[in-house]
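As you go down the protein sequences, you meet chains C and Z in turn. Note that the numbering used here has the first sequence beginning at 35, numbered continuously upward. Note that the numbering used here has the second sequence beginning at 51, numbered continuously upward.
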Amino acid sequence: MAKLDDDLAALATLSSVQLQDRWKAVTGTLAPRISASFLRLALGYEMQAKALGGLSRATQQRLAQLAAARTETRPAARGSRLIREWNGTAHVVTIGEDGAIRWNDRNWNSLSEVAREITGTRWSGPAFFGLKKRLAA
Amino acid sequence: MNRVRCAIYTRKSSEEGLEQAFNSLDAQREACAAYVLSQASEGWSALPEIYDDGGLSGGSLERPALQRLLADIAAGRVDIIVVYKVDRLTRSLLDFAKLVEVFDKAGVSFVSITQSFNTTTSMGRLTLNMLLSFAQFEREVTAERLRDKIAASKAKGMWMGGTPPLGYQPDGRSLAIVGPHAEIVREIYRRYLGSGNVRLVVEQLAAERILAPVRHTSGGRAYGGVAFCRGQIYSILKSPIYIGEIAHREVRYKGQHQPIIDRATWDAVQARLDGNVPGERRATNIATTSLLAGLIVDEAGEPLVAAHACKGKVRYRYYVSRARQDGDPAKSIRLRAREIENAVVESIAAAFDDPLDLIARAGMSIAAADLQRIFAAAGVAAATMRQRSTTMMRSLVTKVMVGAHATDITMSSSAVAEQLATLWAGPKDATFTLTLPVRITRTGRTLRLIQNDGRAVAATPPDASIIKLLVKAHRWWARLRQGDITVRELAEAEGVVKSYVTRVTRLAFLSPAIVDDILAGRQRAELDAKRLALTADLPTRWSEQQETWGVTLQ
């Protein structure tokens, strides 16, 4: 952690050329054509993301979905209940107050797992349970 | 063996031949007597009385021998009536039905010897029932015909009988004006238009000794001669007869009689009458009914009674212990009615908002195919409950127990099933309990209901404008990061100024924790789109960013 702190502090003193070198060292790509202060900010982000972890997979997916603006997925609200009829049977999945997904007296890691168990094929869990909707064009 | 007393009834319509020594009546009686004799093994024996109606039509029941027979039946002197043919008793199905009714009441059967009609056997009774059905049909058709005739006559404006309205007397199928009486009617209309108050009209008429005139019924009985009452005045004021119309149910027709009142006066009176309907149930009355009266009890099971206090026109409603009513306020409860009613209504409605949970609590089982219907029914039920439906409350709830720690609502499972449009297979009186997070507490001198904490605070919806900026930032940064475009070129392509691209794109460097907060709608109130986009300098360090905007510090 001390190293990251030092590296971030050092950014302020680096020149434009030094910053571009640093970018290449950190990301392995050519530096973008932006101002030194902008690059300093971007480089700081890259360094912290490398050390502390960047956007979670879920957040990246969410942003990608929002950017594409073709579908919309509502998160399963805590304490809610999802019902899906499949082959004449109503399957009820309970989302616990702690966010746990409960179905058939068992906890599951994701809705997709539940959907797969019910149908025997791979389904997007949110799509299967009606949380993911196509947006009107 | 029981003795069965048989009465032989004979009849002949025409007088012709009756003078003979052995006439048709004798022949009928002989045949009947022979039949009775043949049934001697069953204990039958003919009564010595002779019921003969010579020269009388079967179209009417007004026959001396028949009436004598009916009297003997009523006196219990007869078990079976024996006739030669059914039509000897009567030719009219209607009369026949009447006779059978009398016979049934007395436990008497009857036998027609040549037509094998014998109500002592099941076959005979079947035949009888068929005949009676036809009789009933005939009665109803006749009634319909009469109704149609009356309607048609009234449409022609005819007066179809009954007590004629004051001011008229029957004149064939029309009404003739009785001058002095009509003047009283006009006077009543005048006075009502003057004061607009029926009670005053009644008082004035009584004070001036203007009485309802003496009239006579068609039977000659006299009526009237006393002071008018309010009901009479109302019916006089409302009657369309006085403008020359005849009413049949909701429809009014032009009558054949002359009007007493001109239409303008009559219309003015109707408008006035409609304007002051006494005893109308107004919205204010409905809203202040005590919804939980008879249902609500305290922790000891003692009923709380609906009570109210008035201050001016305002009514303050409460549910109070009997003890308070009886004068021991120390141990008593007094709850504000509106508070507890709202809490109960809302929790029941909320229970219907979540029908699956309600079904589980009530112990019902459902089929998947019913889900759609149940959800629809539950939605309707929740809405009805929120409108404070008294009938629904009374059918659903059997008891509301208000305690120091919680409030329990006992609900009838079968009533819940009914509201959800499903069948209830369990016991009829099965109940289950909804527990409200509402308890009573003393604040100052009155008891209040307190909503127990522990409910999740409703999350604010995510801020769409910030999310839009965030998405834009990530898109622009992805372009810039590839290194084949400058900020100036990007700004030109997007049609914005260069500094806007710089400021927005910086948002791609927000710490992941802040991004998560924004997407989940958890961001601090002061973090809005404008502020983010205008921020002069964004700290590089995530820890610094989070100090400024973060919800959770990492």
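Cβ atoms here follow ideal geometry from the backbone N, Cα and C, with glycine treated the same way.
Residues of chain C whose Cβ lies closer than 8 angstroms to the Cβ of Z:Gly533 are, in chain order, Thr63, Leu64, Ala65, Pro66 and Arg67.
When only Cα atoms are considered, C:Leu75 and Z:Ala399 end up about 53 angstroms apart. Contact between the stretch 56–71 of chain Z and the stretch 92–111 of chain Z is present: three or more C-beta pairs spanning the two stretches fall below 8 angstroms. Here C:Arg112 has Ile129, Gly130, Glu131, Asp132 and Gly133 as same chain residues with Cβ atoms under 8 angstroms from its own Cβ, once five neighbours each way along the sequence are excluded.
Z:Leu178 is a Cβ neighbour of Z:Val150, given a cutoff of 8 angstroms.
The DSSP-derived three-state label of Z:Leu484 is strand. A Cβ-Cβ distance of about 14 angstroms is found for the pair Z:Tyr134 and Z:Ile100, leaving them out of contact under the 8 angstroms criterion. By the rule that beta-carbons nearer than 8 angstroms mark a contact, C:Arg108 does not touch chain Z. The DSSP-derived three-state label of Z:Leu354 is strand. Ranking Z:Leu106, Z:Ala147 and Z:Val450 by CA distance to the CA of Z:Asn392 puts Z:Val450 first.
The continuous beta strand (DSSP E) containing C:Leu116 extends over residues Arg115 to Trp120.
Contact of C:Ala76 with chain Z by beta-carbon distance below 7 angstroms involves Phe559. At least 8 angstroms separates the CB of Z:Val364 from every CB of chain C.
Neighbours of Z:His524 in chain C, taken as residues whose beta carbon is under 8 angstroms from its own, are Leu97 and Ala101 in chain order. Its Cα nearest to that of Z:Thr485, the residue Z:Ile459 stands out among Z:Trp474, Z:Ile459, Z:Lys478 and Z:Tyr273.
Leaving aside the five residues that flank Z:Gly453 on each side, the residues in its chain whose CB is nearer than 6 angstroms to its CB run, in chain order, Glu349. The shortest CA-to-CA distance from Z:Ser88 to any of Z:Ser64, Z:Val132, Z:Val128 and Z:Ala356 is the one to Z:Val132. Residues are counted here when their Cβ sits less than 7 angstroms from a Cβ of chain Z; for the stretch 123–148 of chain C these are Thr123, Ala124 and Val126, given in chain order. Residue-level contact check: C:Gln52 does not touch chain Z, since none of the beta carbons of chain Z fall below 8 angstroms from its beta carbon.
The C-alpha of Z:Gly157 is placed about 23 angstroms away from the C-alpha of Z:Asp102. When DSSP states are grouped into helix, strand and coil, Z:Phe160 belongs to the strand group. For Z:Asp566, at least one C-beta of chain C is nearer than 8 angstroms to its own C-beta. At a cut-off of 8 angstroms between beta-carbon atoms, Z:Arg556 makes contact with chain C. Cβ contact annotation for Z:Val554 (same chain, cutoff 7 angstroms, sequence separation greater than five): Leu519, Lys522, Ala523, Trp526 and Ala583, in chain order.
Our two residues, Z:Asn326 and Z:Ile238, have alpha carbons roughly 18 angstroms apart in a direct line.
For the 8 angstroms CB-CB criterion, Z:Leu569 and C:Thr93 form a contact. Annotation for Z:Cys82: the continuous alpha helix (DSSP H) segment containing it runs Ser74 to Ser88.
Between the stretch 224–240 of chain Z and the stretch 258–267 of chain Z there are three or more inter-stretch CB-CB distances shorter than 8 angstroms, so the stretches are counted as touching.
Between Z:Gly533 and C:Pro66, the C-beta spacing is below 8 angstroms.
In this structure, the straight-line span from the alpha carbon of Z:Gln219 to that of Z:Gln306 is close to 13 angstroms. Per the coordinates, the alpha-carbon of Z:Thr140 lies some 10 angstroms from the alpha-carbon of Z:Lys148.
The criterion of a C-beta distance shorter than 8 angstroms is satisfied by Z:Gln596 and Z:Ser561. Contact fails between the stretch 529–548 of chain Z and the stretch 44–55 of chain C, because fewer than three Cβ pairs, one in each stretch, are under 8 angstroms apart.
If the five residues before and after C:Leu38 are omitted, its C-beta is found closer than 6 angstroms to the C-beta atoms of Ala85, all from its own chain and listed in chain order. Residue contact with chain Z for C:Thr93: present (Cβ-Cβ distance below 8 angstroms to some residue of chain Z). DSSP places Z:Pro562 in the helix class (H, G or I) of the three-state scheme.
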